[in-house]
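Residue numbers (my numbering), protein chains in the order written: chain A, 2 to 574; chain B, 0 to 88.
First the structure, in the form of structure tokens, and then the observations on it.
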């Protein structure tokens, strides 16, 4: 790692930031979230805190701009330079600028958050099925008001879950009209406009009036980009027109013909040869979170690293499961010290630990076979397998009061009463000899202390060292097409919620049957958590929904009261 | 066998043209990111040689330090990146 000459750094730990404006590429809430997560990357490993200001001057002023955007370092159109930031200090120092000629996403194509509809603002799910046809973008099909919409599950025909996509016909951002929708036609300098325009501006942002006359009312807002809109060219914001004619040939999709840089483009009218209206087709885009985390590194005092895997390496590359590189951690801690509290560096595996003796209880179940315990001692099997380096786990659950993290035949434990980090790894097969390597979900019955394990379409029940199973989950009343149970949460004494995909079922433990009235949609019963959580469990009075490296914690009033990293908050790395 | 397509390059209106030779791109890159610096000392302008600057850049980027504008170096120069200079501030 490298710091700036003179080790420039903030002289206070409570750093403030302010988002000056937004990109039309993503919903403002997604942008705010990306910035907040980017700051958290650094606050997780230092004593720094980041507070957002909504007016006045903050230490780190964040803005989007194009080309010449008010500092001596102009951006260069799409690709090339993505962003820059200044090292800590007064004035422009500490500020971060993002090139709005880039297509900002979460790194994997359009990130489309819906509004209205019946999906509580969920993200669009692409592709989705509508009337038997697959859609990879928002569509206006099925509507007479020309509003683009999308399904928020993979099958609208089945689930009927939908929301509206960004459109100037629905809302604007910025400006002075409080997000009101565009009014077409509107007059500007006595000319009539039927759509968003960049006229009257030098920064290239598309805008519209929110009344029928800008000349009279001076009310305006910026137009959000549709997911189908082209980037750059001379028709920014317009959708591709398919088919279109180019050099006399008909094209039904984006093409790189005519360009020597390999970029895909399309015409925004039916005939490029006649109209010459075009733009670049939407691509994967750049992850605003990753770029922001890098830029904020500069804003905190880190210069470029020469380690390719480090966040502070100057080149962009998308990584799905991001975690801060050791080099970045060492760099930022050189400037600001370590975070007080749990040690941010991975703990060394502890010496052999004795697991609590299982309490064999009699069971009404008739075991398929019984495995006699060979040992009641668990010991780390491979100290190099560090839980803190795992990005995701097959499942997380609480057994005997302690968190258990399962992954590929191994598990780690975290004691609920200590902050000493994870212990392990231990071998699953040593403690539960009948189980397969991959456990999709598990829970311990509060009453009988039996532990239920789910893997694929099967489940096992452990009573001490005795096993029942494997049995098919269909025997519990789950449908045949359910591939696996991804989450399980006990409710009361004898009910357990089982999660799979975007639905959940309620299992009656006594009857060993699914209650009637299920399945239900997770999104409708548990608002604010990811509908595609890959793990759900109950811990210390809260439900945890995990997706990727993050968890959403829900309290007993079904409010999400915390979103955090599994690694730091639960594993205590 | 399909007939090879004859590629025709078109000048698109409003396109931000980045067509430049590899050497132009390299000089631009080395200057912009601080590898190729002009130093003013007592009115004498000295320029670090391009080869030396290339080596410095190749070292920073984890490339083989050839000091020559090889294919790998050109490719790296085309990749999206942060605008903060790598050398000097």
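Just so it is clear, CB atoms sit at the ideal spot from N, CA and C, and this is done for glycine as well.
Computed from a predicted structure; not experimentally measured.
- According to DSSP, residue pairing for residue 140 of chain A in a beta bridge involves A/150.
- In the DSSP annotation of this structure, the continuous segment of the beta strand (DSSP E) that includes residue 412 of chain A starts and ends at 411–415.
- A Cβ-Cβ separation of about 12 Å leaves residue 28 of chain B out of contact with residue 86 of chain B under the 8 Å criterion.
- Around the beta carbon of residue 58 of chain A, fewer than 16 other beta carbons lie within 10 angstroms, which makes this residue exposed.
- Counting C-beta atoms within 10 angstroms of its own C-beta, residue 407 of chain A has 16 or more neighbours from the protein chains shown and is therefore classed as buried.
- Listed by position along chain B, the residues whose Cβ is nearer than 9 Å to that of residue 316 of chain A are 60, 75, 78, 79, 80 and 81.
- Straight-line spacing of the CA atoms in residue 172 of chain A and residue 229 of chain A works out to 17 Å.
- In the DSSP assignment, the residues bridged to residue 565 of chain A are A/552.
- When the Cα atoms are used, residue 68 of chain B and residue 140 of chain A turn out to be separated by approximately 47 Å.
- In the DSSP assignment, residue 490 of chain A falls within the beta strand (DSSP E) that extends over 488–492.
- By the Cβ criterion, the stretch 42–55 of chain A is not in contact with the stretch 125–136 of chain A, since fewer than three pairs of Cβ atoms, one from each stretch, lie closer than 8 Å.
- In this structure, A/316 is the residue among A/464, A/156 and A/316 with its C-alpha nearest to the C-alpha of residue 72 of chain B.
- Annotation: residue 433 of chain A has no Cβ neighbours in chain B at a cutoff of 9 Å; minimum Cβ distance is about 45 Å.
- Interface flag for residue 492 of chain A against chain B is unset, since no Cβ pair is found closer than 8 Å.
- Taking CB atoms only, residue 85 of chain B has a neighbour in chain A less than 8 Å away.
- Selection A/545, A/571 and A/79 evaluated against residue 561 of chain A yields A/545 as nearest (Cα-Cα).
- Listed along the chain, the chain B residues whose CB falls inside 7 Å of the CB of residue 70 of chain A amount to none; the nearest CB is some 11 Å away.
- Taking the beta carbon of residue 69 of chain B as reference, no residue of chain A falls within 7 Å; the closest one sits roughly 17 Å away.
- Judged by DSSP in its simplified three-state form, residue 290 of chain A adopts helix.
- For residue 83 of chain A, the enclosing beta strand (DSSP E) has its first and last residue at 82–86.
- Residue environment for residue 227 of chain A: buried (at least 16 other C-beta atoms within 10 angstroms of its C-beta).
- One thing to note: residue 286 of chain A has its Cβ within 8 Å of the Cβ of residue 108 of chain A.
- For residue 262 of chain A, the closest alpha carbon among the candidates B/81, B/83, B/74 and B/66 is that of B/74.
- In chain order, 396, 398, 400, 405, 407, 452, 453, 454, 455 and 489 place their CB closer than 8 Å to the CB of residue 443 of chain A, counting only its own chain and leaving out the 5 sequence neighbours on each side.
- By the Cβ-count criterion, residue 27 of chain A is buried, with 16 or more other Cβ atoms from all chains shown falling within 10 Å of its own Cβ.
- The closest CA to that of residue 90 of chain A, considering only A/135, A/81 and A/17, is found on A/17.
- The beta carbon of residue 66 of chain B does not come within 8 Å of any beta carbon belonging to chain A, so the residue lies off that interface.
- Residue 21 of chain B has a beta carbon lying at 8 Å or more from every beta carbon in chain A.
- Residue 513 of chain A counts as exposed, since fewer than 16 other beta carbons sit within 10 angstroms of its beta carbon.
- In the three-state reduction of the DSSP assignment, residue 206 of chain A falls in the coil class, being assigned neither a helical nor a strand state.
- Residue 479 of chain A has its alpha-carbon roughly 50 Å from the corresponding atom of residue 21 of chain A.
- Counting only runs that start and end inside the stretch 506–560 of chain A, the alpha helix (DSSP H) elements of at least 4 residues fall at 523–526.
- Around residue 212 of chain A, the same chain offers 184, 218 and 220 as residues with beta carbons nearer than 6 Å, after the five sequence neighbours per side are excluded.
- Under DSSP, residue 184 of chain A takes part in no beta bridge, so it has no partner.
- The residue from A/23, A/571 and A/88 with its alpha-carbon nearest to that of residue 302 of chain A is A/88.
- In the three-state reduction of the DSSP assignment, residue 430 of chain A falls in the helix class, which pools H, G and I.
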